[in-house]
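Enquirer:
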Amino acid sequence: MSLYGLMAAFADPEALIDAARGMRERGYRRMDAFSPFPLEELDGILEIPKTRLPWAVLVGGITCAALVYALIWYSVEVDYPINVGGRPLHSWPPFVVIAFEAGILGAAFAGFLGVLVANGLPRYYHPVFNAESFTYARGGRFYLLIEATDPKYRKSVTKRQLTRLGAEIVEEIEA
Amino acid sequence: MSAIAEKGSGSGIDIAALRRRLANGRDMWRSLDEIAGTVEFRRFVEAEFPAIAEHLPAKPNRRTLLKLMGASFSLAGLAACSRAESIVPYVRQPEVLVPGKPVYYATTLSSDGFGVGVMVESHEGRPTKVEGNPDHPASRGATDAVMQAAVLTLFDPDRSRTPLKDGEPASYGDFLKDIAALVSRWTASQGQGGALLLDASTSPTLAAQVDVLRARYPKLNVYRHDPLARPTAGQASRALFGSTLTPVYHFDRAEVIFSLDADFLGEGPGRLAYARDFAARRRVRSPADWMSRLYVVETSPTITGATADHRLAVKPRDIEAVAAALRAKLGAQAEAPRSPVDPTWMTALSKDLVAAGRNALVIPGAHQSAFVYAIALAANAKLGALGNTVELIEPPDTLQVDGDLTTLCEAISDGVIDTAVVVGANPMHTAPAGLNAHKAFSSLQLLVHHGLYRDETAFLSHWHVPAAHELESWSDIRAYDGTASLVQPLIKPLYDGKTLHQLLAVLGGQFEIDALSLIRQHWSEINDEAWRKALRDGAIANSAAKPASVTAPPDLGGLKPAVQAGGRIDIRFVADPWLRDGRFANASWLQELPRPLTKIVWGNAALISPAMAERLKIENGNVINVAANGVSLDAPAWILPGHPDETVTLSFGFGRKVGSVAALSEGYDAFRLRDGTEWFATGAAVTPSTNDMRVITTQHHQAIEGRAIVRHASLDTFRQDPHFVRKDAPPSPTESLYPDWPYNQEAWAMAIDLSACIGCMACVSACQAENNIATVGPDECERGQEMHWLRVDRYYAGPLDAPDTFFQPVPCMHCEKAPCEVVCPVNATVHTHDGLNAQVYNRCIGTRYCSQNCPYKVRRFNFLDHQSFDKDEAGSEQGVHNPNVSVRSRGVMEKCTYCVQRISAKRIQAQIENRDIADGEVVTACQQACPTRAITFGDLNRKDANVVREKTAPQNYPLLEELNTRPRTTYLGRISNPNGELSKPGEAIDD
Amino acid sequence: MAKVPFGVVNSEFASSRIGEGMPQIFSKNANGVARFVIWGSCAVLLIAAAIGVILPRSDLVTGVGEPVAQPVPFSHKHHVGQLGIDCRYCHNGVETSSSAGLPATEVCMTCHSQLFTNADMLAPVRASLASGTPIRWQRVNGLPDFVFFNHAIHVNKGVACETCHGEVDEMPLTRRAHTLSMEWCLGCHRNPERNLRPPQDVFLMHWQPPENIADIRRRLIGMLDIHPETMTDCYVCHR
Amino acid sequence: MTEASASSPAVLRGRHDFPEISGRIGSIVLSGRLPRHFWTAFFLCFLLVLLLLYSITYLISVGVGGLGINMPVVWGTMISNFVWWIGIGHAGTLISAVLLLLRQPWRASINRFAEAMTLFAVAMAGLFPILHLGRPWFFYWLLPLPNVHMHWPQWRSPLVWDFAAISTYATVSLLFWYMGLLPDLAVLRDRARSRPAQLFYGILALGWRGSAFHWARYQVVYFLLAALATPLVVSVHSIVSLDFTFAITPGYHSTIFPPYFVAGALLSGFAMVLTIAIPLRWAFSVEDLITVRHMDNAAKLMIAAGMVVAYGYVSEAFFAWYSGEPYERAMMVQRAIGPYAPLFWTMLGLNCGLLQLLWFRRIRRNMPLLFAIAIAVNIGMWIERYIIVVTGPSRDYLPSAWGEQSLTWLDFGILFGSIGTFFALIFLFIRILPAITIFEVEELAEEEGKLR
């Protein structure tokens, strides 16, 4: 049974942010923070890279719109051309409406699936859940995880540092 | 379930009890509807028609019965419409018959006893469609609305199927046994106490058979009961010329026509021919063309009055005064009587008539008094028209009778008659009010009834024998001009019915003889070749009556105007244009066909003038009590613009409750108020009540709202400005955002001449028959769910009391830029290469968006399951269906297709023969039926096509052209020809 | 809705020790199971779609190739293949009518009053003639009621019997040779050329196209005045 | 803390802490102890669900002829119900997406149930185009599916656009809603004591653990979804309005429809938000989370939307006159004095007249009165849609074809059935999922410094 890391619980967001900053200053890199709601200050501290998901959304949208438009074009020009109300076969204005809706749908799916894939969800079993204090049941505390694989990680040292930074509970969690 | 039905359900039918109840009065029992819920009815259906019984709900309602009505329970080809998976060939294939190809037979249908020649389309021995016979003088290729329904009545499941003795099913053999006893009794007594009551008929064979019977039984009395009889032509000509003659008119020669209450376009045996000639004389396509002028004075609005250039509505009692005034104006009588008509009007009319001279024509109403009739004949003689526009012929009806129903009833009461044989007539429904025919007939020793239905009279009779339908019979009949026409069967009698000739032969002791040999015997003087030709043509060549040459006396042969009765209000009786005396009451097509002027369906109403409604403070549908001749009836009032004041129009044909369809309809029975066979009653009383009765109409809005929908002008205006249809009309858009679609092959199109349209509704009925259009029933009609693909709109313009009436047939316009097509989400309505706006029923999912977006509102939706899509479930009601047209299921949109099945058939034929489709080869059902040729159909890409000629007429315009839908159906603006000297009341024509 | 003092619930909650337990509620396998379920559902959907595309075209649904039991086991193989009777001898409406026509009992009996007069197999035919009751054949090539097919036009424009009905001369019991689905009909209506042959050859079985068939077909289109652009109009089949 | 919340008075009332917030919201779901009247109301709604099922069964077995529709007015309540429900659906997306984009933090307490309302309203709306069909079992012919009939949808038809728009809208709304639910599902997962509840919420939570890395991506995509939903929500009702605008029927053929329909949608949507929120906050005593300020803001938006709608009415009438089109003019006159005039004037009274009361702050903050106005607007907006659907075709080009339709029990059965089903779904939602967003309220409390 290997050790996954140390989980420190803090009472409020400010304490977590301070602790994260402190740990970072101490050279820790393999960290993660857990909070019941997003804390934007952590992005810089944890060096969270800027996500490329917006590009996925854009590509998803454009692809879906183009595919649907192509399907429509194929159906009216190639597969079964029919004179409908004397309108041209390729009546682009109405077709754009459908392509637009399809684009939105594609973009939304790309975004939703993208965020799941990028976040590795669903992930029902995760080591952090092994921490007894880790729960959102009471609205959630604010947690800082130092992974055991961090080069600076020294079990007792790290634990002490965390406690000093205001952690209410620090526990070791198994992988 | 209706209240009526509930009343009856729960108790079994007991025939004896029914008869007892029936004995109490004429409307005691209602219909199949009443007994529909009973155990007996179910058992009956199950035993006779197991296939139907499966689909019969536990408590069948009116809708079910209507659906069952669609056609016969057990038609000949029942084997052929079994499970779709099995196919049944012939055992011996008839030589002329190729499965899949229709065969046409010439035959003749009777209309009030006179023949109109038809061609009947038959599919695998199943007659499905009636078309006019172009070679027949009374049809000239046209049909009317009623004739179209002949195929429907043929397959009517309510038809009587078995002989009945005292109401119980019996065999024909038993009947013959009883008749054999009668024959020997009559032979012994020379026919003493015997009476024969005949329906109206001009059959020469019948007349000959009656003569034979008379010779055999010298004491036999022959009566005729024709509730719609119009005997005055004979009376007037006897008074004037000393011989019984009847007039035949030639509208193709007439320049000025004056109708004295004659609805020559809508009624009478020659109406189709007259309408054709009349319209031909009013065809204006260029300013150089000329048209006749029609003056009408009438006692109840008719389609003839609607077509007139000058129309006046007068009370029935005033017609004689109008006639007398005319006589005075024409100089035959020095002193003009008091005229209800403006003298300037009369002066202008008489000047016009005199100017036209021998090309003038004065037509008396056939139902008018002999006095009016005689004045008209004398006027024609005076104008020199006799022999030109009017010819007098021997009446086609040569049967001599001993009296009418009244005489018969008197004879029965006097004990002179103890045995009566009723052939075809239904006196228990159509007897006049004062005559207690029921009592008289009940006292008969033996009453034999022969008829299509187990009707009111059949219920009273000791023996009822089912009659063969016209389409099942051999017979002969004369047309209005005396042409002897042959009736030949299209199908073997479905229910083993007998023709009237067979029945008369049986009475004469010939028990085994068939109708064909009786007819052939009568016409034995013509050889076999001529006979075959006559069968092919539908008429015996050169059998029309020769005109008699007569000279009119200076006086009227002693005819005097009738004495005016007291009271202010007159009643005008009319026969319902479709149901006639009620004999067609069980035909759902006719019940649901809007009446030309009122657009009322499934019932009748008491028509009154707007002024009278105002005085009585009543609205449409309020019940009024009409009392005359000591009796009264309640009827819903209907305000008809242009109706003469202080007059109530009551129509016959309704109030019948025998037959499941007839029972669905509402309305009153006007026979209950009628005295004798009079068409008028004076001194009536009208009392409004607080009740309402439902009157169902298919057009709720009558005004044209100032829109350029029906464009019209007088002939003078047209000559000044041939393009009058462009005047005051919204400009027609010439450009479209969309490029034009090429139509390289055919480009089907239609032109409808509004000047020629007389609103007779033949087109609508023909469309219904051709295209398997469902009837929906009164409740659905009331909700506005009727299905006619083609409707004839009727608009009024001008003053309420003397409006102009316009008819406009509206089929699908087949727009090139069809708004309906672009909104269909599933491509169920699209354009074809030849410019048809096709409707693909099997692709339709019923969003109804197309109808929402149709500015002409010509699409029709199957809101409910009106006819079953499923062959198995439909059972035998497919009998009348055109096999080349899909039967539409519930939830599907449908509309006029320009009879695409006919286009397809002709195209396939042309392509097999590797040629183009000729102009006039494709004829739509509406076009074919139209008596005035108002509808032209053809290919726009053929420069010589008729339709192209019509469309290049200056008065051609597309309906709602400002919407740029580019309709293929266009209209020719209506042109009338009013007399410039008369500022017509409510003149809306000259603008 | 009546007001409920929320405090009760709340205080009860406050006093409990909810959520102070082990938050790991799934085992380590759960992630694998989740992946399996996700990819599995994708696979099931794909398979279902494939079935939806393939099944309606398969013989299972269309009934192609399945001999239909008939009251009389009539063999086209014998009559056409071995005896060489022309199609039109029995189906005599085919050149003129929408319906090719099924032979009347009489037609069967023209030969069978002489041949196999006592065969048991033909008893229903004899009975039919005697009683006047038609033989109830089972339909093999059926179309829905809203489809109007015309034999005459096809035969006259060079579409052979064989093209739709297959090699009936090899069918001991008649079976459907093609799906007769709209897709199949349109296949030819959109591009009729490749199914044409000179009209005089339409009744031949196993017709071998000559070398220059492509050329012949091109000329046939013009000679027979065939306009493929008009042949996909809905009303060509649906009226 | 954002600018908006800094410059305006606080949204929440009182002081809160995280356990209290999560506990109060979560226990509605997990304790399962709901007021007795909750179940009574649910039962009443369930009766209406049964009515809906019966009506649908009747409709499908008898045919659309059971409704009051006829020729010429072949569209009826199925279409007006559809437009009405779609309109109601709009407020949810607007509150959650647009207010998110505008960084309006007060949306936090009401966005969850507003989104749920959207979903259920769209679900109800989605029912009607199918029930409207003459042959509903073939509704899938609107989809480009591979088939042996070689069928394609007719892409030019607004009904196909509708199909695309509604299904996109429903899907995107669902994704957006579910994404918003993830953190709250994690809370419920952790709070759940029983194994089934743990599994249920656990599976739905997808193993959400609130990692900062996740939050970063989550926020970007959540924001992007909101950005996608905003043009979508506008396009959806515009497309719905094109069903009418595309048609040449008088009264339909009007360019004002798209903006006017969107405004109408917002009006009815906010009315429905109030219709649900006012009883909800009272019954569950969450007046301190869903405060009077929320109600006040919604009321202000309502009157704003209402004024645009009123402008739509005026411009419709004005352009009917100004166009010089006799058909448009006649239709407009007939709308005001014809057979549907009583409905027309009722609509004006409810949607334009009564709404003016909301100018007064005291009325906006008087909950019973506000509730009554919201109900009135709901009714008024249904009438508006019905009038738009029926008056045009009942008075179109050819006077001979003029006619009115009637309403049958079936029309009402389906309408009330759908309302009952909608509320039944809302009740189920309240029972099963947190009706107020836990994490956003916590965030808001944090930002407002309302923590104990």
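Residue numbers (my numbering), protein chains in the order written: chain A, 1 to 175; chain B, 1001 to 1991; chain C, 2001 to 2239; chain D, 3001 to 3452. Backbone N, C-alpha and C fix where the C-beta goes; we use that ideal spot for every residue, glycine too.
1) Considering only C-alpha positions, which residue in the set B:Val1661, B:Ala1628, B:Pro1644 and B:Met1612 is nearest to B:Ala1585?
2) List, in chain order, every chain G residue whose beta-carbon is nearer than 8 Å to that of C:Phe2036.
3) For B:Thr1687, list the residues DSSP reports as bridge partners.
4) In the DSSP assignment, find the unbroken alpha helix (DSSP H) run with D:Phe3257 in it and report its ends.
5) Between B:Cys1081 and chain C, is there a C-beta pair that is closer than 9 Å?
6) Can you list, in chain order, the residues of its chain with a C-beta nearer than 8 Å to that of B:Ile1513? Leave out the 5 residues immediately preceding and following it.
7) Quick one, are the C-beta atoms of B:Phe1724 and B:Gly1980 less than 9 Å apart?
8) Can D:Thr3275 and D:Phe3427 be called in contact, C-beta distance under 9 Å?
9) Scan the segment 3375 to 3424 of chain D and note each continuous alpha helix (DSSP H) run of 4 residues or more that stays entirely inside, going in chain order.
10) Less than 9 Å between the beta carbons of A:Pro88 and D:Phe3439, yes or no?
11) For D:Asp3288 and B:Arg1848, I'd like the C-alpha separation in whole angstroms.
12) From which residue to which residue does the alpha helix (DSSP H) around D:Asn3111 run?
13) Considering only residues of the same chain and omitting the five flanking positions on each side of D:Cys3352, which have a CB-CB separation below 8 Å?
14) Can you find a C-beta in chain A that's less than 9 Å from the C-beta of C:Ser2244?
15) B:Leu1446 and B:Leu1182: beta carbons closer than 9 Å?
16) Roughly how many angstroms lie between the CA atoms of B:Gln1591 and B:Phe1654, to the nearest whole one?
17) At least one CB of chain D closer than 9 Å to the CB of A:Arg29: is that the case?
18) For C:Pro2144, is the classification buried or exposed, using 16 other Cβ atoms within 10 angstroms of its Cβ as the cut-off for buried?
19) Using the Cα positions of D:Ile3375 and D:Pro3279, report the straight-line distance between them to the nearest angstrom.
20) Taking the straight line between their C-alpha atoms, what separation do you get for B:Thr1232 and B:Ala1934?
21) Any beta carbon of chain D sitting closer than 9 Å to that of B:Ala1703?
22) Using a Cβ-Cβ cut-off of 9 Å, state whether B:Asp1804 counts as contacting chain A.
23) Starting from B:Asp1804, trace the beta strand (DSSP E) in both directions and tell me its first and last residue.
24) Just to confirm my understanding: we take B:Leu1245, look at its own chain, exclude 5 residues before and 5 after, and list those with CB closer than 6 Å. What are they?
25) Determine the closest residue to B:Gln1955 out of B:Glu1095, B:Arg1283 and B:Ala1420, with distance taken between C-alpha atoms.
26) Mind reading off the beta-carbon distance from B:Thr1647 to B:Ser1689? Whole number of angstroms is fine, and I expect it under 8 Å.
27) Can you confirm whether A:Phe10, when its beta carbon is compared against all beta carbons of chain D, has any partner nearer than 9 Å?
28) Distance check for D:Glu3384 and D:Leu3119, CA to CA, integer angstroms please.
29) In chain order, what residues of the segment 114 to 136 of chain A put their CB closer than 7 Å to some CB of chain C?
30) Are any of the Cβ atoms in chain A nearer than 9 Å to that of D:Gly3180?
31) With a cut-off of 8 Å, do at least 3 Cβ pairs link the segment 67 to 87 of chain A to the segment 1730 to 1749 of chain B?
32) Quick one: residues in its chain with C-beta nearer than 6 Å to the C-beta of B:Gly1194, no 5 flanking neighbours on either side, listed in chain order?
33) Do D:Tyr3058 and D:Leu3415 have their CB atoms nearer than 9 Å?
Expert: With the structure as the only source:
1) B:Val1661
2) The structure shown contains no chain G; its protein chains are A, B, C and D.
3) B:Asn1625
4) Run containing D:Phe3257: Phe3257 to Ala3283, per the alpha helix (DSSP H) assignment.
5) Because the pLDDT of B:Cys1081 is 31, which lies under 50, any placement of that residue in the model is unreliable, and the number read from its coordinates should be weighed accordingly. Output row for B:Cys1081: interface = no.
6) Gln1502 and Ala1505
7) no
8) At a Cβ-Cβ threshold of 9 Å, D:Thr3275 and D:Phe3427 do not count as neighbours.
9) Within the segment 3375 to 3424 of chain D, not a single complete alpha helix (DSSP H) segment reaches 4 residues in length.
10) no
11) 50 Å
12) Ala3108 to His3132
13) Gly3306, Val3309, Ala3310 and Tyr3313
14) The requested residue 2244 of chain C does not occur in the structure, where chain C is confined to residues 2001 to 2239.
15) yes
16) 10 Å
17) False, the Cβ-Cβ gap to chain D never drops below 9 Å.
18) exposed
19) Straight across, the Cα-Cα distance linking D:Ile3375 with D:Pro3279 is about 12 Å.
20) The alpha-carbon atoms of B:Thr1232 and B:Ala1934 are separated by roughly 33 Å.
21) Yes - at least one Cβ of chain D is within 9 Å of the one on B:Ala1703.
22) no
23) Asp1804 to Val1810
24) Ser1237, Leu1392 and Ala1548
25) B:Arg1283
26) Rounded, the Cβ-Cβ distance is 19 Å, inconsistent with contact.
27) no
28) 23 Å
29) Pro122, Arg123, Tyr124, Tyr125, Phe129, Asn130, Glu132, Phe134 and Thr135
30) no
31) yes
32) Trp1186, Leu1220 and Thr1419
33) No, they are not a contact pair.
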